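Residue numbers (the UniProt record's numbering): 1 to 472.
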Amino acid sequence: MYNVTSPKAEEFINHEEILDTLAYAQANKDNIELIDGIIEKAKLRKGLTHREAAVLLDCDIEEKNQEIYQLAEQIKKDFYGNRIVLFAPLYLSNYCINGCVYCPYHKKNTHIVRKKLTQEEIKKEVIALQDMGHKRLAIEAGEDPQNNPIEYILESIKTIYRIKHKNGAIRRVNVNIAATTVENYRKLKEAGIGTYILFQETYHKESYEKLHPTGPKHNYAYHTEAMDRAMKGGIDDVGLGVLFGLELYRYEFTGLLMHAEHLESVWGVGPHTISVPRVKHADDIDPNAFDNGIDDDTFAKIVACIRIAVPYTGIIMSTRESAECRQRALHLGVSQISGASKTSVGGYAKPEAEDKKSEQFDVSDNRTLDEIVNWLMRLGYIPSFCTACYREGRTGDRFMSLCKSRQIQNCCHPNALMTLKEYLMDYACEDTRKIGEQLILKEVQNIPKEKVRNLTLENLKAIEKGQRDFRL
Ligand code: SAM
């Protein structure tokens, strides 16, 4: 499989096809018969093509839009239940040689404080994250082969996995670093990473080149083909995303789905996740300088249409979004959120004033992890710190088949409850613990297989007595 020759970027993200799709979607935005047919197909829960999904995204018949939202919510429940996975970003270094015009890490920025964590500082960050209750991180770094070479990233991953502190341990490290070589992806795989995440920023080649005027990231094809190299290097969980606001959202949405179709057809497995970040204010970046910002309603519609189009792909939403916006999007299909995030280098272990100087962008949801856990449970969700799939080797198509067979209720659901129990025992405040214990009592009854239910109950008791890290 790793010897597959994959098509070039311009073949799988075909500009003409995107334009044609957008014209088709516009022409059919109130074609009720066609829209009904697409919704019926979506109900089969096998996904939609980019053309079909683009019609739903453009649909402006209110009644049909309500059906789309309801279906997105139902599909989310069917495949992901009511679990929401929690994670935090960990910024290792903001040294960067690129010129991305929307990112304050750009090389010409002389007033941002440049910082690269030492292994000792990483340890402090990880302990601060463990003390909150985090088990899953996404490491972030600017692109700078001299300051942040792959060896530095690999060493940092090792450091993160090694630190055991009280009951804490980071059990899954996802990686969001610049596009790199097959060889480097192989090294990342060997280092035991979870998902490799890389945002396309924009699929529009001409805009891409203007938005990335200098540095290695300028190369559109190299960036766009990165996931194919990652797959070649053996990483079968990859995370896509665009930075909404840079280009027309309809173009990006279509590009994202074409990219997902390409991965599925060449590698037999679609993206593990899709992220939906929006451009935010940052050091010398004004989001209003970009003409294509989207409002909260459009954001919600995009999330719902992604949910319907790729039912087996997780959707990630960060603290760039406000609590209100997050609440709405959770219903419509988001399955993973970050919590208590710092976008500065060293921000978890350092006082606020210090960390402001090196941060990547403003966050809108500033709540603590405990407040987020509490909020999720009050909304009827199970906050999950589960990392079992990847540790049990259920990655790529093995995860997808678990999801497709809807067996996750016998697997992810108990894992979510057991990791929530650990959180309640080790980190929660009294109120959160009370709500959580009641939720677990209720939710354990929703495990369909009796054998699994009994095992989960046993493990929950063992967690209460001090044992940790059970997983199915
Ligand atoms: N250097 C890596 C790369 O080039 O992909 C990692 C990138 S960075 C640490 C993670 C992401 O932050 C970027 O891919 C970009 O989409 C996002 N980002 C950059 N500037 C932003 C801003 N002003 N507002 C919101 N997100 C931003």
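The C-beta atom is built at its ideal place from N, Cα and C for all residues, glycine as well. Keep in mind the model is a prediction, meaning the values are calculated, not measured.
- In the structure shown, LEU379 falls within a coil segment according to DSSP collapsed to helix, strand and coil.
- TYR249 has its alpha-carbon roughly 27 angstroms from the corresponding atom of GLY268.
- SER318 and ALA23 have their C-alpha atoms some 31 angstroms from each other.
- When GLU11, CYS103 and GLN119 are compared, the shortest CA-CA separation from ILE112 is found for CYS103.
- The three-state reading of DSSP puts GLU225 in coil, since its state is none of H, G, I, E or B.
- Three or more beta-carbon pairs separated by less than 8 angstroms are not found between the stretch 56-74 and the stretch 368-383, which leaves the two stretches without contact.
- Going by DSSP, GLY436 is part of no beta strand (DSSP E) but of the alpha helix (DSSP H) stretching over 430-444.
- In the structure shown, the three-state DSSP call for ALA169 is strand.
- GLU201 has its CB nearer than 8 angstroms to a heavy atom of the ligand SAM.
- Judged by DSSP in its simplified three-state form, LYS116 adopts strand.
- Looking at the backbone, the Cα of SER156 and that of GLU125 are separated by about 11 angstroms.
- For LYS442, the closest C-alpha among the options GLU464, TYR423, HIS413 and PHE470 is that of HIS413.
- Its chain contains ALA221, THR224 and GLU225 as the residues whose beta carbon lies nearer than 6 angstroms to that of ALA9, once the 5 sequence neighbours on both sides are disregarded; these appear in chain order.
- According to DSSP, GLY239 shares a beta bridge with ILE197 and THR273.
- Counting along the chain, no beta strand (DSSP E) covers ARG326; the unbroken alpha helix (DSSP H) around it starts and ends at 323-332.
- Annotation for ARG391: the continuous alpha helix (DSSP H) segment containing it runs 388-391.
- Taken atom to atom, the span from the alpha-carbon of GLN409 to that of CYS305 is near 24 angstroms.
- For PRO149, the three-state secondary structure derived from DSSP is coil.
- For ASN176, the CB falls within less than 8 angstroms of some heavy atom of the ligand SAM.
- For TYR24, there is no enclosing beta strand (DSSP E); the enclosing alpha helix (DSSP H) has its first and last residue at 15-27.
- Beta-carbon to beta-carbon, ASN167 and ASP397 are separated by about 33 angstroms, too far to satisfy the 8 angstroms threshold.
- GLU140 carries a strand assignment under DSSP once its states are collapsed to helix, strand and coil.
- Straight-line spacing of the CA atoms in PHE244 and GLY234 works out to 29 angstroms.
- The residues SER93, TYR95 and LYS116, in chain order, have a CB closer than 8 angstroms to that of ASN147 in the same chain once the five nearest residues on each side in sequence are set aside.
- Distance from the CA atom of LYS123 to the CA atom of LEU34, rounded to whole angstroms, is 55 angstroms.
- Around the beta carbon of ILE32, a 10 Å sphere encloses fewer than 16 other beta carbons of the protein chains shown; the residue is thus reported as exposed.
- Of the heavy atoms belonging to the ligand SAM, none sits nearer than 8 angstroms to the Cβ of LYS107.
- Closer than 8 angstroms to some heavy atom of the ligand SAM: that describes the Cβ of PRO287.
- Positions of the beta strand (DSSP E) runs, each at least 3 residues long and wholly inside the stretch 38-106, are given as 83-93 in order along the chain.
- Residue pairing by DSSP leaves ARG162 without any beta bridge partner.
- Taking 9 angstroms as the cut-off, the beta carbon of PHE79 is found closer than this to the beta carbon of ARG45.
- Looking at VAL334, LEU424, CYS389 and LYS29, the one whose alpha-carbon comes closest to that of ARG471 is CYS389.
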